[in-house]
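*Asks:*
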Amino acid sequence: MARVHFTGNFRQLAGGDEEVSIDASTVRELLLKLGEHYPSLAPHLDEGVALAIDGVIHQDALFSRIEPHSDVHLMPKIAGG
Amino acid sequence: MARAHVITTVNGDPVEFLCDTEQTLLDVLRDELHLTGSKEGCASGDCGACSVIVDGRLVCACLMLGVEAQGHSIETIEGMAGGDRLHPLQTKFLEHAALQCGVCTPGFLVAAKSLLERNPDPTETEVRYWLAGNLCRCTGYDKIVRAVLDAAQEMRGG
Amino acid sequence: MQYEAPESVEAAVRLLSGGGPRGRVLAGGTDLLVQLRAGVITPQLVVDIKRIRESREIREEDGMLVVGAAVTGAELGEHARAKSMWPGVVESAELIGSTQIQGRASLGGNLCNASPAADTVPALVAAAAECRVAGPNGMRRVPVEDVCTGPGQLSLGDGEFIVAFELAAPPPGSADAYLRFIPRTEMDIAVVGAGVNLSLDESGRCTAARVALGAVAPTVILAEEAGAALVGTECDDSAMEAMVAAVRAACRPIDDKRGTAEYRTKVAGVLATRAARIAATRAREAR
Amino acid sequence: MAAQNGGTTNGGTRWIGTRPVRPDGVDKVTGRARFGADLHLPNMLVGKVLRSPHAHARIRSIDTSAALALPGVKAIVTRDDFDDLPSEFVPAGEMLINYRDVVRNVMAREKALFEGHPLAAVAATSEKVAKEALDLIRVDYEVLPHVLDIDEAIAPDAPLLHEDMITAGVEPPPSAPSNVAKVVEFAHGDVEAGFAEADVVVEREFSTQPVHQGYIEPHSCVASFAEDGQAELWCTTQGHFVVRGHCAKLLGMEVSKLRVTASEIGGGFGGKTVVYLEPLALALSRKSGHPVKMTMSREEVFRASGPAPGTWARVRVGVTKDGRITAGEAELKYQAGAFQGSPVQPGCMCAFAPYDLEHVKVTGYDVVVNRPKVAAYRAPGAPQSEYAVESIIDELAKRIGMDPVELRLKNAAREGTRAAYGPTFGPIGLVETLEAARSHEHYRAPLAPGRGRGVASGFWFNIGGETCATLNLGEDGTIALVAGTPDIGGSRAALCLQTAEALGVDVEKIRPLIGDTSTLGYTFLTGGSRTAFASGLAVIEASKDMIGQLCERAAKIWNIPVDAVEWADGEARPAGANAGEFDPLTLADLAGVAGKTGGPIVGRAQINAQGAGPSFGTHLVDVDVDRETGRVTIERYTVIQDAGKAVHPSYVEGQLQGGAVQGIGWALNEEYVYDEYGRLQNPGFLDYRIPVCSDVPMIDTVIVEVANPTHPYGVRGVGETPIVPPMAAIANAVEGALGIRFTDLPMSPPRVLKALEEAHIPEAAD
């Protein structure tokens, strides 16, 4: 089970939860299960989020691997100037 | 009103053109003569991207009417390299990476050429003040100043 | 827009007073072209005075320096005699804009743009310079401080234009200086400018002083009481303090994008002091 | 031209870390390079924009009939020429962009929301006619009260920009609309518990003014629409694929019918990641049947293109006597301009990023005001919040009597630190930059009397993203490299170097170009400091693809299995003794027989680059202050930054120097001045004072290299981080010189002099 941490407004949308354990092997699977678990989070997941998987930031990467003990942080997407 | 007929010299060649009297020399160079190396960054003499040399004097082409060019001699960036050889300033700008986006570069080169024609051995401070009318937003000026100082040294035979 | 480049004063006067559209005089063009481009002015006639010899030359007449109205800052700065006679006037001309602007901008244009922040004007006023004004009724002399009557406003009549400036030979023991304050080191319009012209006798006592200030009132002002505060003194600290008080009392600035009234008043005193010290040092060296 | 080796070691690599002349260099020093405004097409019209003179006004009607009747006017477009679009968020720059807002930003609909807001655009046979036509357009306005600053905008009775805007991010949602678009929060730990552990707590409020990117080249484009609905667009942009997407959406086109070519770009810094003129030019071209060129004047650039936001911040940090930071808290309010979407979110995330904090809480407010919609500007959102935090860190160091570099080192984020914004950092170089600062000669040099020295650190995420690249092998063994990221500061050189390294060929054999939108798959823009990293990864992948093909050809020629061929030093060799004895085949050898051995060889990559390594920097600055005029002079400046691996060190140095000098302008002089009617008073380089050459000293640089593990050569983005530390570094230096802490930017002479007077410091003698 990967541990998913909520930062920022995602925590609010996750009903105040700081983290949750999710069984998923890809980002897509993880987002799908998160959306089922937290319906109010779901539309925001569709808009696009970033995931820090074991410290490495992934954006728009549905098939990035999630390991069984991965530490995942849900974050807003980042771009730049 | 009929357009004005102007006879002048650009980069050593005789040039004739027709222009509206309101057109600046920069408008004429870019739109009539298609010499687009001189850039318009402000059209108010504040950025130096349109620097040209008129009768040996550095000026902003945006602050001179096209009709004022009558009988004068104009040097632009397009005339800086001689044949297939770059001017030492051009070479030094490349070697020192003294450009990033490059849009201010023609103006800086023309301005620096004008400096070295008057003062072959400028100090860093002299270079900085001479080039104060040329804005560069990319480089922080460091490599530009170094390139000019290095070119000056090379041109002095150092 | 009709463009004319007459080759004589008379031809220029004829064009400017010819009953047609009121013309604008073009010297260096560094202000005029910006206003043209922005649509602030839409003249039907532009009279370029750069082909008139009297407007383009620097010469000495009976010890007096005569500077053509279309002489550029760069040309004045390269004129060794001008620099030694009126270093403050020359340094004020050399402060206008960038190297590129220096190649075009003129004394006449700087004055007739009628900005209170013009760099050369305080220096010319401090130097008691006079303008040679040509017009339909011939040539007349006008003190520089009487040319501008307000921002963008001139006292010149129809058909008149400034041909040249006269700067008398400075008496022994005299010198001028000009300083301005800008936020950057170059390229800004003066937030405050101060020109000081003073004479010292053999003992180092000030016998005459003129202090002129830019950007602290609708026009450049001659702060007569500031000059008077130096006369009779050795330009020591207490005299400077009195001058600063007079300078600040003379200031009537506004708040604008370039500075607050409070800031301008304060810095006018600072610059006048610094300029007076430079002028005094030069005057001692000149003796 | 010969490559020269620079000051950075290039351990184990042949090309990475060298300093060859950039491939586009000669064009740029001779005036040949074609920028946005340098294209001229036959039958081309000139387009000009009518802009609102009011900061806030309802548009009752627009009458273009008199303008259309003017001879030479070929087309006019207004709000009626663009379909309204529903709310839909897409990423562009660092922001999520809502097309409902984009269509309104390029052309006002119900209301003009800022001075300069476009109301109509005219295409005519000359600029003169176009301008005359603008004067003939009649607009009936109902002028509305406006709000320029955050305080005004969030006041209970403030005029509303968007009458239907309900603050997002608040539970339960507010019942009434306001100018606060969104509230965001990042927190972990328990800040009050953290502050309880502190011996010293400092809390201050800060403000910064909007600042413009100040690129020297104004926005410019040429649009040409054909009768069959196919269109071409030439424009100066950081991302032509992003421009294509926006324009196609706004014009109701299929993306494949719009081919966008990126001109050479004369600076962007984030400001050329959005569209302004491009949809208008396309609409005018479609309507007139002519190519249409549109170029902003400098005044229009200032009045109508997006700056970085002005901000307000309240920051509180606690520290123990021995220098452990126990908690950090910040409240940030950012101006979004006329439409929501300020970079307050990244501002919140970056605020405390350089520190290892157990307890942190940051709250951000996105506030709309009657100013141009903000755009990205180098590390968007970060400079403002990190300025506030880095100022307080300096003050805390002073309060507990600790060296400010030591305090930072003691609390610095490092590998394994949980970032203030959530995840755990991988290998990062903050500690290395601080150690380099501490041991730098600058930091130990004696300081002249009256001067002050300041230090500050900074952070930016950096990004990857969608990226394509193609390597076309020529029949003589040279390579045409096609990338999709416009080259804004020498990235073509960086891509050639990475390709040369990956292929093992001479960098001079590779000629790069930026392909138009029809030549490559979708490629995200040049921004987020991503190009050297992400397009770098793409060319490395394309090189691998090409090597695979080259090895296959060699295997065929030698009649051995492909896995018995290896690629090394730019040639195919038999892999080991068992593979057989064959003379190596060079790239040129294989290129020459490509046709006969299977056809042309093209290396391709299409990737979505992940794992951009964050970049940290530390700046040192010495200042002098004229105590009588308030002018601050930068006497010495040193930038130290982790580049991961400097591909072309000269251009890395250039990024560090340029970012620092932009920061100097931000700190000292740059600001927007508005009148009481909400009209900008300083829309030009005369009174919007970016640093000039004589304002600054040489900018020393130290490149630290802590490899980014997700890139084969360790590359991290470098372009944005350098603008983060300067404001705090300079404020800290001024504090050192005067004993006065400046919490409002810019530290312009009037502000400094006023503060000096209020502090009753006697005027120093000359």
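Protein chains in written order, with this note's numbering: chain E, 1 to 81; chain R, 1 to 158; chain G, 1 to 287; chain U, 1 to 766. Just so you know, even glycine gets a beta-carbon here, dropped at the ideal spot from N, CA and C.
1) Hey, would you say E:Ser-21 sits closer than 8 Å to E:Ile-66, going by beta carbons?
2) What span of residues does the beta strand (DSSP E) with R:His-5 cover, start to end?
3) Can you find a C-beta in chain R that's less than 8 Å from the C-beta of G:Val-231?
4) Could you give the DSSP three-state label for U:Asn-43: helix, strand or coil?
5) Quick check on DSSP: helix, strand or coil for U:Val-405?
6) Grab me the residues of U:Ala-759's own chain with a C-beta within less than 8 Å of its C-beta, minus the 5 sequence neighbours each way, in chain order.
7) What are the complete alpha helix (DSSP H) segments, minimum 4 residues, inside the stretch 167–231 of chain G?
8) For R:Asp-150 and R:Arg-85, what's the separation of their Cα atoms in angstroms?
9) Would you mind telling me which residues of chain E sit closer than 8 Å to U:Glu-772, beta carbon to beta carbon, in chain order?
10) Less than 8 Å between C-beta atoms, sequence neighbours within five positions excluded: which residues of the same chain meet that for U:Glu-415?
11) Tell me the DSSP secondary structure of G:Arg-14 in three-state form.
12) Specify the secondary structure class of U:Gln-213 as computed by DSSP and reduced to three states.
13) Using 8 Å as the threshold, is the C-beta distance between R:Val-103 and R:Arg-128 below it?
14) So what does DSSP say about U:Asp-700, is it helix, strand or coil?
15) Who are the near neighbours of U:Leu-258 in its chain, counting only those whose CB is closer than 7 Å to its CB and skipping five residues on each side?
16) I'd like the list of long-range same chain contacts for R:Cys-136, defined as Cβ closer than 6 Å, with 5 residues on each side in sequence excluded.
17) What does the alpha-carbon distance come out to for the pair G:Val-270 and U:Tyr-355?
18) If the cut-off is 7 Å on Cβ atoms, which residues from the stretch 212–244 of chain U count as contacting chain G, listed in chain order?
19) If we count the other Cβ atoms within 10 Å of its Cβ and call it buried at 16 or more, is R:Leu-18 buried or exposed?
20) In the DSSP assignment, the beta strand (DSSP E) including U:Val-317 goes from what residue to what residue?
21) Can you pull the chain E neighbours of U:Thr-424, defined as C-beta to C-beta under 7 Å?
22) Along the stretch 50–69 of chain R, what residues have a CB closer than 8 Å to any CB found in chain G?
23) Leaving out five residues before and five after U:Glu-475 in sequence, what residues of the same chain have Cβ atoms less than 6 Å from its Cβ?
24) Find the residues of chain U that neighbour E:Pro-68, judging by a C-beta separation of less than 8 Å, and give them in chain order.
25) So which of E:Pro-76, E:Asp-71 and E:His-44 has the shortest CA-CA distance to U:Arg-418?
26) Tell me the rounded alpha-carbon separation between U:Gly-595 and U:Cys-551.
27) Name the two residues that bound the continuous beta strand (DSSP E) containing U:Met-107.
28) Closest by CA to E:Met-75, which one among E:Glu-29, E:Tyr-38, E:Ser-64 and E:Gln-59?
29) Roughly how many angstroms separate the alpha carbons of U:Gln-4 and E:His-37, rounded to a whole number?
30) Any residues in the stretch 22–33 of chain E with a beta carbon nearer than 7 Å to a beta carbon of chain U? Which ones, in chain order?
31) Let's test the definition: count the other Cβ atoms within 10 Å of the Cβ of U:Lys-321 and tell me whether it reaches 16, buried, or not, exposed.
32) Taking its Cβ as the centre, do 16 or more other Cβ atoms sit within 10 Å of U:Phe-114, making it buried, or is it exposed?
33) Within 8 Å (strictly less), CB to CB, does U:Cys-693 reach chain R?
34) With 8 Å as the threshold, decide whether the Cβ of E:Arg-3 is near any Cβ in chain U.
35) Do you know whose CA, among U:Tyr-334, U:Leu-753, U:Phe-582 and U:Leu-148, lies nearest U:Ala-308's CA?
36) Starting from U:Ala-158, follow its DSSP beta bridges and name the residues at the other end.
*Replies:* Inspection of the coordinates gives the following:
1) On the first sequence, position 21 is the one that residue 21 of chain E refers to. On the first sequence, position 66 is the one that residue 66 of chain E refers to. The answer is no: Cβ separation not under 8 Å.
2) As a working note, residue 5 of chain R is residue 5 in the second sequence. Per DSSP, R:His-5 belongs to the beta strand (DSSP E) from 4–10.
3) By 1-based counting over the third sequence, the position of residue 231 of chain G is 231. Chain R contact via Cβ: absent.
4) Translated into positions along the fourth sequence, residue 43 of chain U becomes position 43. Coil.
5) Along the fourth sequence, one-based indexing puts residue 405 of chain U at 405. Looking at U:Val-405 - three-state DSSP - the assignment turns out to be helix.
6) Reading the fourth sequence from its first residue, position 759 is the one you call residue 759 of chain U. Result list for U:Ala-759: Leu-738, Gly-739 and Ile-740, in chain order.
7) 224–230
8) Taking the second sequence and counting its residues from 1, one reaches residue 150 of chain R at position 150. Taking the second sequence and counting its residues from 1, one reaches residue 85 of chain R at position 85. Rounded to the nearest angstrom, the two C-alpha atoms are 18 Å apart.
9) Nothing about residue 772 of chain U can be read from this structure; chain U reaches only from 1 to 766.
10) Residue 415 of chain U sits at position 415 when you count from the first residue of the fourth sequence. Same-chain partners within the cutoff: Phe-425, Gly-426, Pro-427 and Ile-428.
11) Working through the third sequence from its first residue, we reach residue 14 of chain G at position 14. It is helical.
12) As a working note, residue 213 of chain U is residue 213 in the fourth sequence. In the structure shown, U:Gln-213 sits in coil (DSSP, three-state: anything other than H, G, I, E or B).
13) Position 103 of the second sequence, counted from the start, is the residue given in the question as residue 103 of chain R. Position 128 of the second sequence, counted from the start, is the residue given in the question as residue 128 of chain R. Their beta carbons are not under 8 Å apart, which means R:Val-103 does not touch R:Arg-128 by this criterion.
14) On the fourth sequence, residue 700 of chain U is found 700 positions in, with the first residue counted as 1. Looking at U:Asp-700 - three-state DSSP - the assignment turns out to be strand.
15) Numbered from 1 along the fourth sequence, position 258 holds the residue referred to as residue 258 of chain U. Result list for U:Leu-258: Ala-231, Leu-233, Arg-244, Cys-247 and Ala-248, in chain order.
16) Walking along the second sequence from the start, residue 136 of chain R turns up at place 136. Closer than 6 Å at Cβ, skipping near neighbours: Cys-104.
17) Locating residue 270 of chain G in the third sequence gives position 270, where the first residue counts as 1. Locating residue 355 of chain U in the fourth sequence gives position 355, where the first residue counts as 1. Distance between the alpha carbons of G:Val-270 and U:Tyr-355 is about 44 Å.
18) none
19) Counting from 1 along the second sequence, the entry for residue 18 of chain R is found at position 18. So R:Leu-18 counts as exposed.
20) By one-based count along the fourth sequence, residue 317 of chain U stands at place 317. Here the beta strand (DSSP E) through U:Val-317 covers 311–319.
21) Taking the fourth sequence and counting its residues from 1, the one referred to as residue 424 of chain U is at position 424. Within 7 Å Cβ-Cβ: Gly-55 and Asp-71.
22) Ser-51, Val-54, Arg-57, Leu-58, Val-59, Cys-60, Cys-62, Leu-63, Met-64, Leu-65, Val-67 and Glu-68
23) Position 475 of the fourth sequence, counted from the first residue, corresponds to residue 475 of chain U. Closer than 6 Å at the Cβ level, and outside the excluded window around U:Glu-475, lie Ala-591.
24) Locating residue 68 of chain E in the first sequence gives position 68, counting from the first residue. Going along chain U, no residue has its Cβ under 8 Å from E:Pro-68, so there is no contact; the nearest lies around 17 Å.
25) Position 418 of the fourth sequence, counted from the start, is the residue given in the question as residue 418 of chain U. Minimum Cα distance to U:Arg-418 is reached at E:Asp-71.
26) For the purposes of this step, residue 595 of chain U is taken as residue 595 along the fourth sequence, with counting starting at 1. For the purposes of this step, residue 551 of chain U is taken as residue 551 along the fourth sequence, with counting starting at 1. U:Gly-595 and U:Cys-551: Cα-Cα distance of roughly 15 Å.
27) As a first step, residue 107 of chain U is located in the fourth sequence; it is residue number 107 there, counting from the start. Run containing U:Met-107: none; DSSP gives neither H nor E here.
28) Against the first sequence, residue 75 of chain E aligns to sequence position 75. Checked all of E:Glu-29, E:Tyr-38, E:Ser-64 and E:Gln-59; the closest Cα to E:Met-75 is E:Gln-59.
29) Against the fourth sequence, residue 4 of chain U aligns to sequence position 4. Against the first sequence, residue 37 of chain E aligns to sequence position 37. Any reading at U:Gln-4 must be qualified, since the residue scores a pLDDT of 36, below 50, and its modelled position is unreliable; the value itself is stated next. Each residue's alpha carbon lies about 58 Å from the other.
30) none
31) As a first step, residue 321 of chain U is located in the fourth sequence; it is residue number 321 there, counting from the start. Label assigned to U:Lys-321: exposed.
32) Taking the first residue of the fourth sequence as position 1, residue 114 of chain U is located at position 114. Buried: at least 16 other Cβ atoms inside 10 Å.
33) Mapped onto the fourth sequence, residue 693 of chain U falls at position 693. U:Cys-693 counts as touching chain R.
34) Translated into positions along the first sequence, residue 3 of chain E becomes position 3. No, E:Arg-3 lies away from the interface with chain U (no Cβ there is under 8 Å from its Cβ).
35) Against the fourth sequence, residue 308 of chain U aligns to sequence position 308. Residue U:Tyr-334 is the option with its Cα nearest to U:Ala-308.
36) In the fourth sequence, residue 158 of chain U corresponds to position 158, counting from 1. U:Ala-158 pairs with nothing; no bridge assigned.
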